[in-house]
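Taking the numbering used here, the leading residue of the sequence shown gets 6, the next gets one more, and so forth. Where a beta carbon is used, it is the ideal one built from N, C-alpha and C, also for glycine. On a predicted model such as this, the values are computed, not experimentally measured, just so you know. Here's the structure we're looking at; comments come further down.
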Amino acid sequence: MEKTPKVKNITISRSILWIMIAGAFALGIFLGRGTWLFYAGQNERTGQHSYPGEDFAFIRPTITKTYPDLRKIRELKPFRYKVDALIQEEIDSDEATAVSVYFRDLDNGNWFGIREDEKFSPESQLKVPLLIAYFKWSETNPLVLRKKIFYRGVGGPFEPRYLRSPKPLEPGKEYTVNELLFRMTAYGDNSAYALLLANLPPAYLLRTSRDLYMNYDPEKKEDSLTLSAYASYFRVLFNASYLNEEMSEKALRYLARSVFRDGMAAGIPPEVSIASKAGERIIPAQDDDGAPSEALQLHEFGIIYHPERPFLLGITARGSDFRSLARVIRGITGIVYAEVDQQSGSIKP
Numbered sequence: 006m007e008k009t010p011k012v013k014n015i016t017i018s019r020s021i022l023w024i025m026i027a028g029a030f031a032l033g034i035f036l037g038r039g040t041w042l043f044y045a046g047q048n049e050r051t052g053q054h055s056y057p058g059e060d061f062a063f064i065r066p067t068i069t070k071t072y073p074d075l076r077k078i079r080e081l082k083p084f085r086y087k088v089d090a091l092i093q094e095e096i097d098s099d100e101a102t103a104v105s106v107y108f109r110d111l112d113n114g115n116w117f118g119i120r121e122d123e124k125f126s127p128e129s130q131l132k133v134p135l136l137i138a139y140f141k142w143s144e145t146n147p148l149v150l151r152k153k154i155f156y157r158g159v160g161g162p163f164e165p166r167y168l169r170s171p172k173p174l175e176p177g178k179e180y181t182v183n184e185l186l187f188r189m190t191a192y193g194d195n196s197a198y199a200l201l202l203a204n205l206p207p208a209y210l211l212r213t214s215r216d217l218y219m220n221y222d223p224e225k226k227e228d229s230l231t232l233s234a235y236a237s238y239f240r241v242l243f244n245a246s247y248l249n250e251e252m253s254e255k256a257l258r259y260l261a262r263s264v265f266r267d268g269m270a271a272g273i274p275p276e277v278s279i280a281s282k283a284g285e286r287i288i289p290a291q292d293d294d295g296a297p298s299e300a301l302q303l304h305e306f307g308i309i310y311h312p313e314r315p316f317l318l319g320i321t322a323r324g325s326d327f328r329s330l331a332r333v334i335r336g337i338t339g340i341v342y343a344e345v346d347q348q349s350g351s352i353k354p
């Protein structure tokens with residue numbers, strides 16, 4: 006007959022049990038605090054103000070979950086004629102010589118354009134596709150964003166006259182790719198752009214353009230894009246249709262930290278979020294007497310997060326004074342936002 010094995014009963018006193026529970030609780034606080042400090046430190050270095058567990062706020066998949074009735078909003082009544090009238094006023098008053106506009110309702114896809122097929126050189130706007138290319142790379146190789154690049158003090162491909170970085174890179178200092186991406190996007194830093202471009206295999210940037218069906222070769226400086234084509238970069242970020250949701254959100258958060266506040270941002274209420282990118286270009290020209298002259302171009306693209314109807318807006322303005330062109334962009338943005346706001350029911354008649 007087999008003997009039944011004896012089983013020892015292990016007992017834990019109530020005091021010891023409470024000590025174990027308290028220890029586990031303290032460990033949880035320690036780990037949680039450590040995680041928070043890690044992300045807070047990362048945010049301080051990159052300029053981000055997001056924390057672990059914070060809901061996404063800039064991409065469509067999250068917005069449509071938060072506002073499930075968004076798709077039920079009625080279509081906007083045409084208002085292009087109002088924008089046309091304002092543009093003509095600005096041209097007549099010599100604030101600008103030419104203006105192009107692209108508007109798209111991100112709820113239902115309805116859009117209109119004013120000279121939106123006119124091509125422009127997006128060399129100064131290559132920062133957005135470069136940002137997308139790096140984040141696409143990081144989806145399969147996360148360590149890319151932690152790579153450090155040494156800055157020797159060599160400037161960017163061109164020094165901006167109007168959109169200058171408020172915090173230039175310091176010569177002799179190392180920066181992570183993530184820090185450079187933030188500075189390039191939020192501060193418009195051309196030195197950060199040059200470093201990032203030099204350290205990205207050319208195939209990655211070219212692949213991004215081809216994946217998004219852009220008829221544009223980044224290696225050809227004189228190649229050009231239309232307003233409607235360039236706006237596609239913002240649409241794929243909003244829809245999280247090229248990058249994953251995390252990287253799409255991160256890209257839009259960087260764009261939302263843009264320090265340029267004299268254009269589109271000045272044309273909307275201060276509490277409304279905007280993820281935008283501005284660029285400038287100086288075009289050699291001749292005056293009426295044939296003497297050398299120059300034409301200035303200021304362009305800005307952005308997603309404006311109207312609380313009921315987010316929309317995409319792209320504006321290119323040409324003229325002789327950057328501040329005047331910024332006022333033109335601000336005025337057009339203001340009239341577009343007011344129209345969207347009124348038709349969405351936010352303004353009482």
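Quick one: Cα of residue 34 to Cα of residue 237, how far?
Position 29 of the sequence shown, counted from the first residue, corresponds to residue 34. Position 232 of the sequence shown, counted from the first residue, corresponds to residue 237. In this prediction, residue 34 has a pLDDT of 40, which is less than 50 and means its spatial position is unreliable; nothing more can be read from the coordinates.
Measure the C-alpha to C-alpha separation of residue 31 and residue 181 and round it to an integer number of angstroms.
As a working mapping, residue 31 is identified with position 26 in the sequence shown. As a working mapping, residue 181 is identified with position 176 in the sequence shown. Residue placement at residue 31 cannot be trusted, given a pLDDT of 47 that sits under 50; what the coordinates show is reported in the next sentence. Straight across, the Cα-Cα distance linking residue 31 with residue 181 is about 34 Å.
Since residue 319 sits in a beta bridge, which residues does DSSP pair it with?
Residue mapping note: residue 319 aligns to position 314 of the sequence shown, counting from 1. Note: residue 319 sits in a beta bridge opposite 107, 306.
With a 10 Å radius around its C-beta and 16 neighbouring C-beta atoms as the bar for buried, classify residue 93 as buried or exposed.
Locating residue 93 in the sequence shown gives position 88, counting from the first residue. Counting Cβ neighbours within 10 Å, residue 93 comes out exposed, since fewer than 16 surround it.
Decide if the stretch 157–171 is in contact with the stretch 185–205; the criterion is three or more beta carbon pairs, one per stretch, under 8 Å apart.
yes
Segment contact, 8 Å Cβ cut-off, at least three pairs: the stretch 118–125 with the stretch 325–335
no
Put residue 289 into one of helix, strand or coil per three-state DSSP.
Residue 289 sits at position 284 when you count from the first residue of the sequence shown. Residue 289 falls in the strand class under three-state DSSP.
Does residue 137 come out as helix, strand or coil in the three-state DSSP assignment?
If you number the sequence shown from 1, residue 137 lands on position 132. Note: residue 137 maps to helix in three-state DSSP.
Quick check: the stretch 77–90 against the stretch 284–294, are at least 3 beta-carbon pairs closer than 8 Å?
No, the stretch 284–294 is not in contact with the stretch 77–90.
Exposed or buried, which one is residue 151 when buried takes at least 16 other CB atoms within 10 Å?
Along the sequence shown, read from residue 1 onward, the residue named residue 151 stands at position 146. So residue 151 ends up on the exposed side.
Could you give the first and the last residue of the continuous alpha helix (DSSP H) run that contains residue 238?
Within the sequence shown, residue 238 is the residue found at index 233, counting from 1. Its alpha helix (DSSP H) spans residues 232–244.
Among 109, 177, 299, 111, the one whose alpha carbon lies nearest that of residue 166
Walking along the sequence shown from the start, residue 166 turns up at place 161. That would be 299, whose Cα lies nearest to the Cα of residue 166.
Does the stretch 309–322 come close enough to the stretch 108–118 to have 3 or more Cβ pairs within less than 8 Å?
yes
If you measure between the beta carbons of residue 200 and residue 154, is that distance less than 8 Å?
Stepping through the sequence shown from its first residue, residue 200 is reached at position 195. Stepping through the sequence shown from its first residue, residue 154 is reached at position 149. Judged by beta-carbon spacing, residue 154 lies within the 8 Å limit of residue 200, meaning their Cβ atoms are closer than that value.
When you compare the CB positions of residue 253 and residue 242, do they come within less than 8 Å of one another, or not?
Indexing the sequence shown from 1 puts residue 253 at position 248. Indexing the sequence shown from 1 puts residue 242 at position 237. Contact: yes.
Would DSSP call residue 259 helix, strand or coil?
The count along the sequence shown starts at 1 and reaches residue 259 at position 254. Under the three-state reduction of DSSP, residue 259 is assigned to helix.
Local Cβ density within 10 Å of residue 183, reported as buried at 16 or more and exposed below that:
Taking the first residue of the sequence shown as position 1, residue 183 is located at position 178. It counts as buried.
Which residue wins for smallest C-alpha separation from residue 337, given the options 272, 176, 98?
For this step, residue 337 is matched to residue 332 along the sequence shown. Among 272, 176, 98, the Cα nearest to that of residue 337 is on 272.
Proximal residues to residue 100 (C-beta, below 6 Å), its chain only, five neighbours per side dropped
Numbered from its first residue, the sequence shown carries residue 100 at position 95. So the list reads 329, 333, once near-sequence residues are dropped.
Quick one: grab the DSSP three-state call for residue 96.
Start at 1 with the first residue of the sequence shown, and residue 96 comes out as number 91. The three-state reading of DSSP puts residue 96 in helix, counting H, G and I together.
Excluding five sequence neighbours on each side, which residues of the same chain lie with their C-beta closer than 7 Å to the C-beta of residue 235?
Locating residue 235 in the sequence shown gives position 230, where the first residue counts as 1. Closer than 7 Å at Cβ, skipping near neighbours: 127, 130, 306, 319.
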